[in-house]
Amino acid sequence: MVYGLFFGDSITYGEYDGVFGGWVDILKRYALQKFHEGNGDELILFNLGIGGETTEGLLKRMPVELAARNSADGNLVFISYGANDLAIKDGVYSVEPDKFKENIKIAVQHAKQFSKDIYLVSILPIAQKIDGIVVGSGKLRTNEEVIVYNQILKDIAVENSLSYIDFYNAVLDDKEILLSADGVHPNEKGYGIMAEIAIPIIEKYL
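Be aware that the sequence shown starts at 1, since it is given in the UniProt record's numbering, and climbs by one per residue.
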């Protein structure tokens with residue numbers, strides 16, 4: 001029985017999707033269905049997304065979460081951060097690019113102690129209407145920063161021979177219809193596209 005651990009923020013948790021519960025929950029149901037149909041091994045997926053979390057929060061809980069859900073048959077680890085790290089409030093980043101890079105590298109080292117299958121997940125683009133705009137929460141995000149932080153993730157993936165899941169380009173062209181009203185979270189259509197990309201990845205373990 002292989003475990004899949006999805007670390008992330010509200011986009012991993014599936015916020016704003018009242019229909020399917022987000023991309024990780026779609027994968028959960030898919031894996032369960034395949035197992036019940038008698039097609040393959042049991043893959044247990046844990047949605048460990050916490051709304052608003054940055055890589056700082058991840059590092060505090062990651063060693064404990066990994067140890068608590070360690071399967072003898074192996075673990076897949078998904079690390080999906082950056083949307084909150086790159087947010088700027090009162091002129092200050094939640095987590096600056098250099099610190100983000102350092103935190104992701106540490107997270108990868110933690111994951112490597114438990115897993116040979118580690119996936120870094122891209123940050124999604126944001127909607128035009130909030131690009132560079134200070135929103136109600138006082139936070140400002142830009143697509144320019146999304147590109148910078150995604151590049152950090154890509155570089156770390158290459159350096160460590162990890163897989164990089166590119167949700168960014170999958171939703172980029174249609175982002176205005178795939179993102180929810182807040183311009184940051186996907187809507188159910190957006191989450192559905194993310195799940196379609198991720199299903200072939202988990203297929204390998206079913």
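From the three backbone atoms N, C-alpha and C, an ideal C-beta is built for every residue, glycine too.
Residue i and residue j closer than 8 Å at C-beta
| i | j | result |
| --- | --- | --- |
| glycine 183 | alanine 127 | yes |
| leucine 27 | isoleucine 202 | yes |
| tyrosine 168 | leucine 120 | no |
| phenylalanine 20 | glycine 192 | yes |
| phenylalanine 100 | glycine 82 | yes |
| alanine 87 | leucine 124 | no |
Bridge partner(s) assigned by DSSP for residue i
| i | result |
| --- | --- |
| arginine 141 | Asp131 |
| tyrosine 205 | Paired residue(s): none; tyrosine 205 is not in a bridge. |
| aspartate 117 | Leu76 |
Backbone secondary structure at residue i - three-state DSSP
| i | result |
| --- | --- |
| phenylalanine 7 | strand |
| leucine 59 | helix |
| residue 215 | With the chain covering 1 to 206 only, the question about residue 215 has no answer from this structure. |
| phenylalanine 46 | strand |
| asparagine 75 | strand |
| isoleucine 152 | helix |
| leucine 124 | coil |
| leucine 86 | coil |
| tyrosine 93 | strand |
| valine 2 | strand |
For residue j and residue i, the rounded distance between their alpha carbons
| i | j | result |
| --- | --- | --- |
| lysine 105 | isoleucine 152 | 10 Å |
| phenylalanine 114 | threonine 55 | 19 Å |
| residue 222 | lysine 89 | Residue 222 lies beyond the range of the chain shown here (1 to 206); nothing can be said about it. |
Assumed close pair residue i, residue j - CB separation to whole angstroms, cut-off 8 Å
| i | j | result |
| --- | --- | --- |
| threonine 142 | serine 80 | So it is not a contact: roughly 20 Å between Cβ atoms. |
| aspartate 41 | valine 2 | 7 Å |
| aspartate 9 | isoleucine 50 | 7 Å |
| leucine 206 | lysine 34 | 5 Å |
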